[in-house]
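Just so we're aligned, residue 0 is where the sequence shown starts under numbering that gives the first Met the number 0, counting upward by one.
For glycine and all other residues, C-beta sits at the position ideal for the given N, C-alpha and C.
Computed from a predicted structure; not experimentally measured.
Comments concern the structure below.
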Amino acid sequence: MTEAVARAHPNLALAKYWGKLEREGNFPAVPSLSVTLGGLSTTTRVRFDAALTADRLVLNGAAVSGTELLRAVKMMDRVRASAGSSLRAEIVSDNDFPTASGIASSASGFAALALAASRAAGVDWDAARVSSEARESSASAARSVFGGFVELAAGTPSARQVAPAGHMDLVVFVCVAGEGKKKAVSSSEGMRRTAARSPYYRAWLDMAPRNFADLRAALLAKDFEKLGELAEASALAMHASAIAAGVVYFGSVSLEGLTLVQRLREEGTAAYATMDAGPHLKVLTREADAAKVRAALASLANVSRIIESRPGGAAEIVQP
Ligand code: PMV
0 MTEAVARAHP NLALAKYWGK LEREGNFPAV PSLSVTLGGL STTTRVRFDA ALTADRLVLN
60 GAAVSGTELL RAVKMMDRVR ASAGSSLRAE IVSDNDFPTA SGIASSASGF AALALAASRA
120 AGVDWDAARV SSEARESSAS AARSVFGGFV ELAAGTPSAR QVAPAGHMDL VVFVCVAGEG
180 KKKAVSSSEG MRRTAARSPY YRAWLDMAPR NFADLRAALL AKDFEKLGEL AEASALAMHA
240 SAIAAGVVYF GSVSLEGLTL VQRLREEGTA AYATMDAGPH LKVLTREADA AKVRAALASL
300 ANVSRIIESR PGGAAEIVQP
């Protein structure tokens, strides 16, 4: 087989990954736990072609070069090494969600690429191997290989499912803070600066594993309020450690959204905020409160759109 198409969903970390181990291979320094975001997907076609002299990448309709292409080529080199092949490939990848939405497109992107490329090359990688290869490109991508609620332990090669998508009543709102803007500092660079300069990085490394363990237990106990509190605490601690190093992803939407969500809770609605390496706000709530929370979020200024998601499934081959 020389061609395959795979689809993967982005994911949202509830217990955040921030910081890498000082060793080769892109291993997180802390454990993380995410929910795979249903309804949003990346679809990637990989076609090996003896006529090509170099890998080509077309992302959302535009040819890509430079570091973005290089990251994909590195993945392709690992697939080629595993297959004993030297064929170059054309990669065509499309997101059905806005790429600048602060939803990590690298997570669904590298999960879909690892799966499609390995299948197209005819190597028989299991999900753990696909996850491990995806992690080398982007650690959060290791989690997008699986559906539902997914953990990636510190220093381990691959992620694994903790609970299936139907395990818990959960609605995620992604409030997009403006579109088309590239993030100022990449997550890898943000992590590097935090580790090098933040007086609170050690405190983060100390707190994150406990937060992860408590959040995992809350998830298994289906305790939504505890899970939400711990997810918000993880995001705030991650950002506090980054901000102390001058790495500021917060924007007006993050701050106003956080205040709004805290006010909703004071009024008795269970809603929790989380943020990643960008100014966008993500809000966790339950089905019964979803309409009310959505209406409240609609009052936020500078939000260009609100995307609604629920826990989704694993990465999969869609063709052939
Ligand atoms: O996988 P990366 O290198 O894009 O880093 C992801 C970092 C966060 O999104 C901020 C947290 C996470 O666990 O996904």
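- Taking the Cα positions, L263 is about 8 Å away from V292.
- Using a C-beta cut-off of 8 Å, the segment 126-139 makes no contact with the segment 247-254, since fewer than three inter-stretch Cβ pairs fall below that distance.
- Here A162 is near F148, since their CB atoms are less than 9 Å apart.
- Residue pairing by DSSP puts I306 in a beta bridge opposite V173.
- Spanning the alpha carbons of P198 and S240 requires a straight line of approximately 7 Å.
- For A12, the enclosing beta strand (DSSP E) has its first and last residue at N10 to A14.
- Annotation for K73 indicates a beta carbon at 8 Å or more from all heavy atoms of ligand 1.
- Secondary structure at R118: helix, using DSSP grouped into helix, strand and coil.
- Annotation for I102: no beta strand (DSSP E) segment contains it, and DSSP assigns it neither H nor E.
- S85 sits away from N10, with the two beta carbons spaced by 9 Å or more.
- In the DSSP assignment, L32 forms a beta bridge with A14 and E150.
- For V122, the CB contacts under 8 Å within the same chain, skipping 5 residues up- and downstream, are V78, S81 and A82 in chain order.
- When secondary structure is reduced to three states using DSSP, N210 falls in the helix class.
- Taken through DSSP and simplified to helix, strand or coil, K221 comes out as coil.
- With respect to P310, G165 sits close: the two C-beta atoms are nearer than 9 Å.
- When distances are taken from the beta-carbon of Y271 to the heavy atoms of ligand 1, even the shortest one reaches 8 Å or more.
- In the three-state DSSP reduction, R77 falls in the helix class (H, G or I).
- Straight through space, the alpha carbons of R196 and W203 are spaced by roughly 13 Å.
- Partner residues in the beta bridge of E2, as assigned by DSSP, are R46.
- With three or more CB-CB distances shorter than 8 Å, the segment 4-18 counts as touching the segment 41-58.
- If the five residues before and after S92 are omitted, its C-beta is found closer than 8 Å to the C-beta atoms of T41, T42, T43, R44, L56, V57, L58, N59, G108, A111 and L112, all from its own chain and listed in chain order.
- The segment 230-244 and the segment 269-282 touch, with three or more beta-carbon pairs separated by less than 8 Å.
- Taking each of E89, G38 and A49 in turn and checking the Cα distance to V63, the smallest one comes out for E89.
- Going by beta carbons, V175 and R304 fall inside the 9 Å limit.
- The three-state reading of DSSP puts E23 in coil, since its state is none of H, G, I, E or B.
- Looking only at G250, S104 and M206, the smallest Cα-Cα distance to A230 is reached by M206.
- Excluding the 5 residues flanking it on each side, S186 has same chain C-beta neighbours closer than 7 Å at A276, in chain order.
- In this structure, W17 has its beta carbon less than 8 Å from a heavy atom of ligand 1.
- Considering only G65, E21, W17 and G38, the residue with the shortest C-alpha distance to P30 is W17.
- For S251, no beta strand (DSSP E) run applies; the uninterrupted alpha helix (DSSP H) run containing it begins and ends at S251 to E265, by DSSP.
- Taking the Cβ of S31 as the reference point, at least one heavy atom of ligand 1 falls within a distance shorter than 8 Å.
- If you draw a 10 Å sphere on the C-beta of P319, you find fewer than 16 other C-beta atoms in it, and that means exposed.
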